[in-house]
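Data first, discussion second: the structure below is written as C-alpha cells.
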Amino acid sequence: MYDVVIIGGGPCGLSTALSLQEKGISYVILEKEAVVNSIVNCPLDMRFYSTSDRLEIGNIPFITKEIRPTRTELLKYYRVVTERQALNIKSFQKVTEIHRDDNSFTLQTINPKGITSTYNARMIVFATGIFDNPKKNGVTGEELSKVMYYYKEGHSYYGQNVAVIGGKNSAVEAAIDLYHSGAHVSLVHRGETVLQGIKPYLIPDMRNLIEKGKITFYPQSSIKEIDSTSITIRTLNDHDVQIPNDFVFSLIGYRPDVDLLESIGITFDPLTLVPSFNKDTYESNVHNVFLAGVVTGGITNRVYIEDGRFHGLNIAEEIRSRL
Ligand SMILES: Cc1cc2nc3c(=O)[nH]c(=O)nc-3n(C[C@H](O)[C@H](O)[C@H](O)COP(=O)(O)OP(=O)(O)OC[C@H]3O[C@@H](n4cnc5c(N)ncnc54)[C@H](O)[C@@H]3O)c2cc1C
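Laid out in C-alpha cells, this is it:
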C-alpha cells in the first residue's frame, strides 16, 4: 500500500514525485510507456520554446549550451533527475482500471507483454497530460497507415507529396521542415492565415515559403476524404479540390483521454474539458484524487511544463496534512 500512486511519468508527474519524496510520502509513478513519453514523441530535432531554467523540476539545475534546450537535452535531463533522485517509477505500466475501496484505491495495470498487476494507494494523482489522444478530423481514410499524428523528422518524405493539416506551431514547424527535406508540401488550415499565434521566429520563413509558392497553402479549408493516392479538401465556397498525396500529417491538436478520470467520478467542463478541481490543493471533485500538469488545462493550451511543474508542491503539502 503506497500513500500515493501518480499516474503518468511526464515532467509534471516527476516533479510531483520529487515533492512527495521530499516530504517522506511513499509513492509510485505508473507510466504507460517511457519516462517523459510526450517529449519522446516530439520532433527529433526540436528545440523547446521555453528556456531551460523554466523546464527544471525539483530545483535541480538544467544547464544547456543554448538558452533553449533541444529534445535530446531535455530527455537526458529528466532521465538523469529520475535516476539521481531515485524516483520510484514503473515504466510500461498502463493504468486500465481504478476501483475505490473504503479508504483507498486499487489500480490495475497492463504492460506491453499483456501481464497485469495491481497497486494499492490511499490517494491518486493524475498527471496524464493530453498528448496521447490526437484530435481527429472525422473523415473517411483517417485510419490509413499513411496518416500520422506526430511529426518526427522530414528526411523520410523526400520527393513525396505530403499534406500537413493544421495551423499552429506543430503544423507550421512540420511543414517548414518537410519542405527543407525535399517534400512537396500542401498545408491545409481551416483559418485564414497561419501567420498569427505562432512562434515569432517561424513567421518570416513561413510567409516567404507561402508567397513564393514553395508550400501550397489552402486557407479556410478542411479535409474531406483521404485515400491511398490523394486527399480531397473542401476549400472556401464549398469547392472540392483533390490533391495527389503520399502521406498526411494531421497536427490539429490533442485532447485529454477522459475515460479513466470519469470512471472514478471526475467531472469536466464539456467545452474545454477542464476537470473540476480546487485551485489551491489541486484536489479534484473526488476526495483524495488530485490532478497535476497539463491535464488541468483540458484543451485550452493554457498549462505547460513551465507552470504544471509547480502543481506537485501544493499537492504534497495537502497530502502531508492528511497522513
Ligand atoms: C511539439 C511540442 C512542443 C512543446 N514545447 C513546450 C515548451 O517549449 N514549453 C513547455 O512548457 N511545454 C511545451 N510543450 C508542452 C509539454 O510537452 C507538455 O506540456 C508536457 O509534456 C506536459 O507535461 P505533463 O507531465 O503534464 O504531461 P505529459 O508529459 O503528457 O505526461 C503524461 C504521461 O502520462 C502517461 N499516461 C497517460 N495515460 C496513462 C495511463 N492510463 N497509465 C499510465 N500512464 C499514462 C503518458 O504516457 C505520459 O507520459 C510542448 C509540447 C509539444 C507537443
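Taken in order, the sequence shown gives residues 0 to 322; the numbers are from numbering that gives the first Met the number 0.
Ideal Cβ positions, reconstructed from N, Cα and C, are used throughout, including at glycine.
- Any idea which residues DSSP pairs residue 184 with across the strands? 161 and 214
- Can you name, in chain order, every residue of its own chain whose Cβ lies under 8 Å from the Cβ of residue 206, other than the five neighbours on each side? Answer for residue 206: 194, listed in chain order.
- In angstroms, rounded to a whole number, what distance separates the CA positions of residue 47 and residue 232? Taking C-alpha positions only, residue 47 is separated from residue 232 by approximately 32 Å.
- Message: Looking at ligand 1, does it come within less than 6 Å of residue 149, judged from the CB to the closest heavy atom?
- Response: no
- Task: Sort 224, 180 and 199 by Cα distance to residue 214 and report the nearest one.
- Result: 180
- Could you give the DSSP three-state label for residue 127: helix, strand or coil? coil
- Item | Backbone secondary structure at residue 65 - three-state DSSP | coil
- Query: Does DSSP put residue 58 in a helix, in a strand, or in coil?
  - Reply: coil
- Identity of the residues DSSP links to residue 241 by a beta bridge: 231
- Query: For residue 68, does the count of other Cβ atoms within 10 angstroms reach 16, so buried, or fall short, so exposed?
  - Reply: buried
- Message: Tell me whether the stretch 31-38 and the stretch 1-17 touch, counting them as touching only if at least three CB pairs, one residue from each stretch, are closer than 8 Å.
- Response: Yes: the two stretches touch, three or more of their Cβ pairs being nearer than 8 Å.
- Message: ligand 1 and residue 303: does the residue's C-beta get closer than 6 Å to at least one heavy atom of that ligand?
- Response: yes
- Query: What separation, rounded to the nearest whole angstrom, lies between the Cα atoms of residue 147 and residue 249?
  - Reply: So the alpha carbons of these two residues sit roughly 6 Å apart.
- Task: With DSSP collapsed to three states, give me the class of residue 99.
- Result: strand
- Between the Cα of residue 201 and those of 173, 260, 66 and 119, spot the shortest distance and give me the residue it belongs to. 173
- Item | Own chain, CB closer than 6 Å to residue 31, minus 5 neighbours either side, in chain order | 93
- Task: Give the secondary structure of residue 0 by DSSP, where H, G and I count as helix, E and B as strand, and everything else as coil.
- Result: Reduced to three states, the DSSP call for residue 0 is coil.
- Query: What first and last residue would you give for the alpha helix (DSSP H) that runs through residue 318?
  - Reply: 310-321
- Message: Which residue marks the beginning of the alpha helix (DSSP H) containing residue 105, and which one marks its end?
- Response: Per DSSP, residue 105 belongs to no alpha helix (DSSP H); it is in the beta strand (DSSP E), 104-109.
- Query: Where do the ends of the alpha helix (DSSP H) carrying residue 201 lie?
  - Reply: Premise fails: residue 201 is in no alpha helix (DSSP H) and is neither H nor E.
- Task: Could you check what DSSP says for residue 257 in three-state terms: helix, strand or coil?
- Result: DSSP, read as helix, strand or coil, puts residue 257 in coil.
- Sufficient close CB pairs (3 or more, under 8 Å) joining the stretch 20-28 to the stretch 108-117: no
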